[in-house]
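Engineer: Quick one: this structure, given as structure tokens, is what I'll be asking you about.
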Amino acid sequence: MALVLPEKIGVNPFFVQMDEGFKKAGEEFKVDTKTIESTDPAAFEQNLRAAVAENYDLIITATFQAEDALKKVAAENPDKSFAIVDTTVDLPNVRSVGFREYEGAYLLGAAAGLSTKTDKVGMIAAMDVPLIKKYTEGFKAGLESVNPDAEFLVNYVGGFNDPAKAKELALVQFGKGADFIAGASAVGDLGVFEAAKEKGFYTSGQDTDRTVEDPEHIVLSQLKSTDTVAYETVKDFVEGNFKAGAVNYGLKEDGVGLTYVTRDSESPLNAFVGQEVIDQVKAINDDIVSGKIVVKDPLQQ
């Protein structure tokens, strides 16, 4: 099986985790796995075609950057099985694996709303695109549900790999009085973390538990289990349960979450948040899982 990525894994936790889950499944189910990284869109399409030519049974890829090339290659190879994570390609030989990120973002927004001392909370987001609305709108809904007086500041970096721009925007939000500024800009979050350390505000990471990098300032992490979905996609294929079409992972399926609420952390909980807030957010999580609270999909409104 092949994992063909549209960019280099680098320090992007989304791809790091995904690769780990893919390799873990390969070891457990005793199948050969190969990870192929790409330098640009043209190279990605070539790599996808190379994986088809090498006759891998299942080819997995990820993100909207992979969509166009996969649509072409999968349509030309109807007998091959493909999976794409974090976006949708509607073809009879493609499984599209999505996340209800807005549920995890709702928990993060609620935690921020209960923790803020200034009633000003911010987010530095990657781009103003539909995928990112799942983060910004979910966060805003969670924030407003517990603290309707809080002001929500959001700025867009314009890409996924620009820590300098992300830092600059975080400093602007801090200047406006935000004491919690969530990072939602992929590699750009490194700039938000740097600003938090310099100025003393609080922040959060994405995808994996980033609190371990600086527990004094990175006080929460919105989790996205790309390792789980890569592992389960391989597992389903090996066990004969692989079907094309859309599958979805949210809080109920442990596809998204929040540190201290849905998963423990190696870092001690920061007093800015505190156990009382975590207990309140755990109750909100339980209500979402049970269906008592329904977090709206911002893309379906």
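So that you can map any letter, position 207 of the sequence shown is 336 in our numbering, and since no number is skipped, the others follow by simple counting. No residue lacks a Cβ here, since even glycine has one placed at the ideal position from N, Cα and C. The structure displayed is predicted, hence computed values, not measured ones.
For residue 159 and residue 283, I'd like the C-alpha separation in whole angstroms.
Structural biologist: Straight-line Cα distance between these residues: approximately 46 Å.
Engineer: Roughly how many angstroms lie between the CA atoms of residue 354 and residue 409, to the nearest whole one?
Structural biologist: The alpha-carbon atoms of residue 354 and residue 409 are separated by roughly 23 Å.
Engineer: What do you reckon, are the CB atoms on residue 187 and residue 212 nearer than 8 Å?
Structural biologist: Result yes, Cβ atoms of residue 187 and residue 212 sit closer than 8 Å.
Engineer: With a CB to CB cut of under 6 Å and the five nearest residues on each side skipped, what residues in its chain are close to residue 323?
Structural biologist: The answer, listed in chain order, is 296.
Engineer: So, using beta-carbon positions, are residue 179 and residue 251 closer together than 8 Å?
Structural biologist: Not in contact: residue 179 and residue 251 (Cβ atoms no closer than 8 Å).
Engineer: Just grab the DSSP bridge partners of residue 313 for me.
Structural biologist: For residue 313, which the question treats as bridged, DSSP gives the partners 254.
Engineer: Which residues mark the beginning and the end of the alpha helix (DSSP H) in which residue 219 is found?
Structural biologist: Careful: residue 219 lies outside any alpha helix (DSSP H) and carries neither H nor E.
Engineer: Have a look at 357, 294, 372 and flag the residue whose alpha-carbon is nearest the alpha-carbon of residue 219.
Structural biologist: Ranking 357, 294, 372 by Cα distance to residue 219 puts 372 first.
Engineer: List the DSSP bridge partners of residue 276.
Structural biologist: Looking at the DSSP assignment, residue 276 forms no beta bridge with any residue, so it has no partner.
Engineer: Quick check: residue 254 and residue 314, are their CB atoms within less than 8 Å of each other?
Structural biologist: In this structure, residue 314 lies closer than 8 Å to residue 254 by Cβ.
Engineer: Bridge partners for residue 224 per DSSP, in chain order?
Structural biologist: Partner(s): 212, 374.
Engineer: Under 8 Å, with one C-beta from each stretch per pair, do the segment 277–294 and the segment 332–341 reach the 3-pair mark?
Structural biologist: They do not touch, by the three-pair rule.
Engineer: Can you tell me the Cα-Cα spacing of residue 230 and residue 259, whole angstroms?
Structural biologist: Rounded to whole angstroms, residue 230 to residue 259 spans 12 Å at the Cα level.
Engineer: What does the alpha-carbon distance come out to for the pair residue 286 and residue 419?
Structural biologist: Going from the Cα of residue 286 to the Cα of residue 419 covers about 35 Å.
Engineer: Do the CB positions of residue 269 and residue 238 come within less than 8 Å of each other?
Structural biologist: In this structure, residue 238 lies closer than 8 Å to residue 269 by Cβ.
Engineer: What's the call for residue 276, buried or exposed, on a 16-neighbour Cβ count within 10 Å?
Structural biologist: Buried: at least 16 other Cβ atoms inside 10 Å.
Engineer: Tell me which residues share the same chain as residue 149 and place their Cβ nearer than 6 Å to its Cβ, disregarding the 5 neighbours each side in the sequence.
Structural biologist: Result list for residue 149: 356, in chain order.
Engineer: Kindly confirm or deny that the segment 373–382 and the segment 219–228 touch, where touching means at least three C-beta pairs closer than 8 Å.
Structural biologist: At 8 Å Cβ cutoff, the stretches touch.
Engineer: Label residue 429 either buried or exposed according to how many other C-beta atoms from any shown protein chain fall within 10 Å of its C-beta, with 16 as the threshold for buried.
Structural biologist: Per the 10 Å Cβ criterion, exposed.
Engineer: Output the distance between the C-alpha atoms of residue 330 and residue 280, rounded to the nearest integer angstrom.
Structural biologist: Distance between the alpha carbons of residue 330 and residue 280: 16 Å.
Engineer: Just curious, the alpha helix (DSSP H) that residue 138 is in, first and last residue?
Structural biologist: Counting along the chain, residue 138 falls outside any alpha helix (DSSP H), and DSSP gives it neither H nor E.
Engineer: Please look up how many angstroms separate the CB atoms of residue 224 and residue 374, rounded, as I've assumed it's under 8 Å.
Structural biologist: The Cβ separation is near 7 Å, so the contact holds.
Engineer: Taking all protein chains shown into account, decide if residue 318 is buried (16 or more other Cβ within 10 angstroms of its Cβ) or exposed.
Structural biologist: With 16 or more Cβ atoms within 10 Å of its Cβ, residue 318 is classed as buried.
Engineer: Would residue 244 and residue 143 be called neighbours here (beta carbons separated by less than 8 Å)?
Structural biologist: No, they are not a contact pair.
Engineer: Mind checking who residue 392 pairs with in its DSSP beta bridge?
Structural biologist: DSSP lists 388 as partners of residue 392.
Engineer: Leaving aside the five residues before and after residue 222 along the sequence, list all residues of the same chain whose C-beta is less than 8 Å from its C-beta, in chain order.
Structural biologist: Excluding positions up to five away in sequence, the list reads 203, 206, 207, 208, 209, 210, 211, 373.
Engineer: Beta strand (DSSP E) containing residue 333: first to last residue?
Structural biologist: Run containing residue 333: 331–336, per the beta strand (DSSP E) assignment.
Engineer: Mind checking residue 140: buried by the 16 CB within 10 Å criterion, or exposed?
Structural biologist: It counts as exposed.
Engineer: Which of the three DSSP states is assigned to residue 191 in this structure?
Structural biologist: Looking at residue 191 - three-state DSSP - the assignment turns out to be strand.
Engineer: Relative to the C-alpha of residue 422, which residue among 235, 320, 153 is closest?
Structural biologist: Residue 422 has its Cα closest to that of 235, out of 235, 320, 153.
Engineer: Among the residues of its own chain, which have a CB less than 7 Å from the CB of residue 146, if the five just before and after it don't count?
Structural biologist: Taken in chain order, the residues that qualify are 336, 337, 355, 356.
Engineer: Select from 197, 181, 184 the residue whose C-alpha is nearest the C-alpha of residue 473.
Structural biologist: Since the first and last residues shown for the chain are 130 and 430, residue 473 lies out of range.
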